[in-house]
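*Asks:*
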Amino acid sequence: MSRFFTTGSDSESESSLSGEELVTKPVGGNYGKQPLLLSEDEEDTKRVVRSAKDKRFEELTNLIRTIRNAMKIRDVTKCLEEFELLGKAYGKAKSIVDKEGVPRFYIRILADLEDYLNELWEDKEGKKKMNKNNAKALSTLRQKIRKYNRDFESHITSYKQNLALQLAEKLGSLVENNERVFDHKQGTYGGYFRDQKDGYRKNEGYMRRGGYRQQQSQTAY
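Okay, so the sequence shown: first residue is 5 according to the working numbering, each after it adds one.
1. Taking 8 Å as the threshold (C-beta atoms), are Tyr-120 and Met-75 in contact?
2. Helix, strand or coil for Val-80? Go by DSSP, reduced to three states.
3. Can you give me the Cβ contacts of Lys-37 inside the same chain, cut-off strictly under 7 Å, excluding the 5 residues immediately before and after it?
4. Taking Cβ to Cβ, would you say Arg-3 is nearer than 8 Å to Ala-97?
5. Could you spell out the range, first to last residue, of the alpha helix (DSSP H) harbouring Phe-109?
6. Can Leu-145 and Val-80 be called in contact, C-beta distance under 8 Å?
7. Less than 7 Å between the CB of Lys-132 and some heavy atom of the ligand PLP, yes or no?
8. Between the alpha carbons of Ala-93 and Asn-153, how many angstroms are there, rounded?
9. Is Ile-160 closer than 8 Å to Ala-115 when the C-beta atoms are compared?
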């Protein structure tokens with residue numbers, strides 16, 4: 005009898021525990037997480053839309069980085085290989101480019117690469133030192149880049165014009181800063197000379213150093 009009741013009580017306790025688990029898990033766990041899962045799905049959808057552009061542009065920038073590294077070591081063969089891959093990658097990103105516009109970093113590498121190849125082509129002594137593969141790649145890539153850049157001629161022209169303006173502004177700022185340093189050392193600023201008595205006085209024949217006092221002393225006689 006005791007064994008019967010003992011066994012019955014164990015089975016009842018197990019069933020009650022399993023029943024409690026079945027009740028508590030859905031209420032406390034699964035039902036509460038459903039709204040969070042839906043919001044995460046929505047965020048994932050938005051993330052996929054954003055990553056389409058990022059993925060294509062990242063592919064382009066990685067290829068451009070490899071080309072620039074090859075340019076530094078004058079590996080024209082590598083430049084040719086990566087340039088062909090770059091053109092294919094740009095074709096894959098064409099739908100995005102049509103919406104977003106041609107990225108500036110793409111125009112920059114096209115302009116820089118063409119200028120770089122022209123410099124190598126004009127360097128006759130450097131061409132003589134090239135191995136056979138690089139010399140052949142230089143001729144091939146130079147023709148390819150000139151033909152390819154025709155489709156981006158207006159973009160490249162605008163890029164070079166803006167670059168020239170930026171350089172001119174930087175040079176102008178540098179010259180102006182140097183003039184200010186020189187004027188400060190000479191005791192002048194903007195056409196005015198610094199005087200201990202009256203501060204800055206306009207340049208009207210005064211000497212750079214102590215001019216005001218010297219003129220006063222001269223007029224006293």
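Where a beta carbon is used, it is the ideal one built from N, C-alpha and C, also for glycine.
*Replies:* Per the coordinate set shown:
1. Here residue 75 refers to the residue found at position 71 when the sequence shown is read from its first residue. Here residue 120 refers to the residue found at position 116 when the sequence shown is read from its first residue. Yes, they are a contact pair.
2. Counting from one through the sequence shown, the residue named residue 80 turns up at place 76. Three-state DSSP puts Val-80 in a helix.
3. Here residue 37 refers to the residue found at position 33 when the sequence shown is read from its first residue. Note on Lys-37: pLDDT 49, under 50, position unreliable in the model; the coordinate value appears next. Result list for Lys-37: empty, nothing under 7 Å.
4. Residue 3 cannot be examined here, being either before or after the span of the chain that is shown, 5 to 225.
5. Here residue 109 refers to the residue found at position 105 when the sequence shown is read from its first residue. Looking at the DSSP string, the run of the alpha helix (DSSP H) that includes Phe-109 is 108-126.
6. Here residue 145 refers to the residue found at position 141 of the sequence shown. Here residue 80 refers to the residue found at position 76 of the sequence shown. Going by C-beta atoms, Leu-145 is nearer than 8 Å to Val-80.
7. In terms of ligand content, the structure shown is empty, and the ligand PLP therefore cannot be addressed.
8. Numbered from its first residue, the sequence shown carries residue 93 at position 89. Numbered from its first residue, the sequence shown carries residue 153 at position 149. When rounded, the distance between both Cα atoms is 16 Å.
9. Translated into positions along the sequence shown, residue 115 becomes position 111. Translated into positions along the sequence shown, residue 160 becomes position 156. The answer is yes: Cβ separation under 8 Å.
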